[in-house]
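Trainee:
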Amino acid sequence: MSQDNRSVFPLTSDSSPEETAFKIFQAALGATLPVALWRLPNTREAQALVSAEVKHTLPSMEGPQSGFAFYPFQSSGAVPVTFLPADLYFSGKAGVSPQIGEAVLPTSFWADFQKTGQKQSNILEWPSHPEGTVKPITRDVFEVSGAKAIKAMQSGCLDKVVLSRTKTLPLFEGFDLLHAFTQLTQLYPTAFVSLVSIPGIGTWLGATPELLVQVDSYRVFRTVALAGTQPVMEGLTPADAIWRQKEIEEQALVQRYIVSCFRHLRLREYVEMGPRTIMAGNLLHLRTDFSAAMDEVGFPKLGTQMLELLHPTSAVGGMPKAAALQMIGELEQHDRRYYSGFLGPVQLGQETNLFVNLRCVELGQDTVTAYAGAGMTADSIPAKEWVETELKMQTVLRLFQASES
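Position 96 of the sequence shown, counted from 1, bears residue number 130 in the working numbering, the numbering being contiguous throughout.
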């Protein structure tokens, strides 16, 4: 983005950084522009980005183009790859004005953005998926599919498969979209919290714990292996967690998959730390961290290369990848759309931060649909996997259910 005086828009003195980010989001909705609002893990700033036009290819993760990626589990005509160029970007930092890129945003956006006494977010209209709500998955259907997958793994056809399901609730009267975003940032300080709204695509809200690809300002590449799930019990700390063999093996499969991607690239110099137990909202997971200094190891495009190899990871698909994806296609009766895809800022603040789109909901005009998956191995029990998906859905659905009561 250009950095001359024309590339910044002055802040209004009466707006806090969060209010500015929210006004940007509201003005983009009013002008039917693609917009993303997010908060990085362990930070306080709500960042915002608006695009004049959606692109359907991703740029290099190392730059120079900057923007926001919103990538599906598997792309198709109905769920395309989307990239939002940073035609307006706000870092959320106090005293820093929004930066304006090359493309011209419509006058209606600027008119709304400069209004005082902006309309309340609970009367905003947001775009929903043109095909409407996905088919809900009942417990019986999920457990029958799980039993088929487990039988295949017991016969040696594959090592792991992740089966997902959906759950749809009515939106309560007076639902406030931006208030829900704020609640997620407060509930899950270590998660990547996002709100993405794209005309013709839909509106998604989530709080994901899983980093997929990071390229930081020092050009260090990072990714994580995150798998294994158990609920947080009262009085239990991550150090007290006891893991079953099933969860340990599930996490090890993801860990080995990342190592296999390094080997595919013939990268041998990387740092591996873990596994360790981490807390993500109401759940505990096993996590292993990987990193590599890209220039030092001679892989200046490692972020882009690993992204192509990693997605979809075994944490959302299974192992071996091809067999697991085939089984998902045969057993799942819904389209995952952007659930278990990835999303995040690309080369903003000199960093790329992409996260797996987990713990998320898709907003319709008057409904909210949650998605969740369970990693199944030969030792899995379908009824327990159903309970695991219920726990994962509560990360975001708790906001909607609590407001109904």
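C-beta: ideal position from N, C-alpha, C; glycine also.
1) Roughly how far, in whole angstroms, is the beta-carbon of GLY447 from the beta-carbon of MET410, given that I think they are within contact range, below 8 Å?
2) My understanding is that GLY378 touches ASN387, with C-beta atoms under 8 Å, so please give their C-beta distance in whole angstroms.
3) When burial is assigned at 16 or more other CB atoms within 10 Å of the CB, is HIS345 buried or exposed?
4) What are the boundary residues of the beta strand (DSSP E) that includes CYS191?
5) Which whole runs of the alpha helix (DSSP H) in the segment 148-231 are 4 residues long or more, in chain order?
6) Helix or strand or just coil, what does DSSP make of TRP277?
7) Report the three-state DSSP secondary structure of GLN289 (helix, strand or coil).
8) Can you tell me whether PHE59 is helix, strand or coil according to DSSP?
9) If you count every other CB in all the chains shown that lies within 10 Å of the CB of SER294, and 16 or more means buried, which is it?
10) Using the Cβ count rule (16 or more neighbours within 10 Å means buried), how would you classify GLN60?
11) Assuming GLU303 is part of the alpha helix (DSSP H), what are its boundary residues?
12) By DSSP, does GLY262 sit in helix, in strand, or in coil?
13) My guess is that PHE107 and TYR291 are in contact by the Cβ rule of under 8 Å, so how many angstroms apart are they, rounded?
14) Grouping DSSP H, G and I as helix and E and B as strand, with all else coil, what is GLN428?
15) State the DSSP-derived secondary structure class of SER142, mapped to helix, strand or coil.
16) Taking the alpha carbon of GLN289 as the reference point, which residue from GLY262, GLU159, TYR405 and SER251 has its own alpha carbon closest?
17) Exposed or buried, GLN154, counting other C-beta atoms within 10 Å across all chains shown (16 or more means buried)?
18) Are LEU118 and SER85 touching if we call contact CB-CB under 8 Å?
19) So, for LEU301: in the same chain, excluding its five sequence neighbours on each side, which residues have a beta-carbon less than 8 Å away from its beta-carbon?
20) Grouping DSSP H, G and I as helix and E and B as strand, with all else coil, what is LYS418?
21) Spatial neighbours of VAL195 within its chain, please: CB distance less than 6 Å, with the 5 preceding and 5 following residues excluded, ordered by chain position.
22) Are the beta-carbon atoms belonging to LEU382 and ALA120 less than 8 Å from one another?
23) Restricting to Cα atoms, I'd like to know which of ARG199, ILE58 and LYS185 is closest to ILE134.
24) For LYS280 and LEU341, what's the separation of their Cα atoms in angstroms?
25) Assuming GLU342 is part of the beta strand (DSSP E), what are its boundary residues?
Mentor: Short version:
1) There is no way to answer for residue 447, as the model of the chain reaches only from 35 to 439.
2) Within the sequence shown, the letter at position 344 stands for residue 378. Within the sequence shown, the letter at position 353 stands for residue 387. The Cβ separation is near 5 Å, so the contact holds.
3) Here residue 345 refers to the residue found at position 311 of the sequence shown. Label assigned to HIS345: buried.
4) Taking the first residue of the sequence shown as 1, we reach residue 191 at position 157. Judged by DSSP secondary structure, CYS191 falls outside any beta strand (DSSP E); it is assigned neither H nor E.
5) 173-188 and 211-221
6) If you number the sequence shown from 1, residue 277 lands on position 243. When secondary structure is reduced to three states using DSSP, TRP277 falls in the coil class, being assigned neither helix nor strand.
7) As a position in the sequence shown, residue 289 is number 255, starting the count at 1. The answer is helix: DSSP assigns GLN289 an H, G or I state.
8) As a first step, residue 59 is located in the sequence shown; it is residue number 25 there, counting from the start. Helix at PHE59.
9) As a first step, residue 294 must be located in the sequence shown, where it is residue number 260. So SER294 counts as exposed.
10) What you label residue 60 is simply residue 26 of the sequence shown in a count that begins at 1. GLN60 should be labelled buried.
11) Residue 303 sits at position 269 when you count from the first residue of the sequence shown. Note, GLU303: premise wrong, no alpha helix (DSSP H); not H, not E.
12) Here residue 262 is taken as the residue at index 228 of the sequence shown, counted from 1. Residue state, collapsed to three classes: strand.
13) On the sequence shown, position 73 is the one that residue 107 refers to. On the sequence shown, position 257 is the one that residue 291 refers to. Going by Cβ atoms, the distance from PHE107 to TYR291 rounds to 16 Å, so no, they are not a contact pair.
14) If you number the sequence shown from 1, residue 428 lands on position 394. Here GLN428 sits in helix by DSSP.
15) Within the sequence shown, numbered from 1, the residue matching residue 142 stands at position 108. Three-state result, SER142: helix.
16) Taking the first residue of the sequence shown as 1, we reach residue 289 at position 255. The candidate whose alpha carbon is nearest that of GLN289 is GLY262.
17) By one-based count along the sequence shown, residue 154 stands at place 120. Any answer about GLN154 is weak, because its pLDDT of 49 lies below 50 and its placement is not dependable; what the coordinates show is given next. Exposed, since its Cβ has fewer than 16 Cβ neighbours within 10 Å.
18) Numbered from its first residue, the sequence shown carries residue 118 at position 84. Numbered from its first residue, the sequence shown carries residue 85 at position 51. For LEU118 and SER85, yes; Cβs fall inside 8 Å.
19) If you number the sequence shown from 1, residue 301 lands on position 267. Leaving aside the five residues that flank LEU301 on each side, the residues in its chain whose CB is nearer than 8 Å to its CB run, in chain order, ALA326, VAL331, PHE333 and LEU336.
20) Here residue 418 is taken as the residue at index 384 of the sequence shown, counted from 1. LYS418 falls in the helix class under three-state DSSP.
21) Translated into the one-based positions of the sequence shown, residue 195 becomes position 161. ALA183, GLY352, ALA358, MET361 and MET410, listed in sequence order.
22) Against the sequence shown, residue 382 aligns to sequence position 348. Against the sequence shown, residue 120 aligns to sequence position 86. Cβ distance < 8 Å, so LEU382 and ALA120 count as in contact.
23) To locate residue 134, count along the sequence shown from 1; it is residue 100. If we check each option's Cα against that of ILE134, ILE58 comes out closest.
24) On the sequence shown, residue 280 is found 246 positions in, with the first residue counted as 1. On the sequence shown, residue 341 is found 307 positions in, with the first residue counted as 1. About 27 Å.
25) Walking along the sequence shown from the start, residue 342 turns up at place 308. No beta strand (DSSP E) holds GLU342; the alpha helix (DSSP H) holding it covers 336-344.
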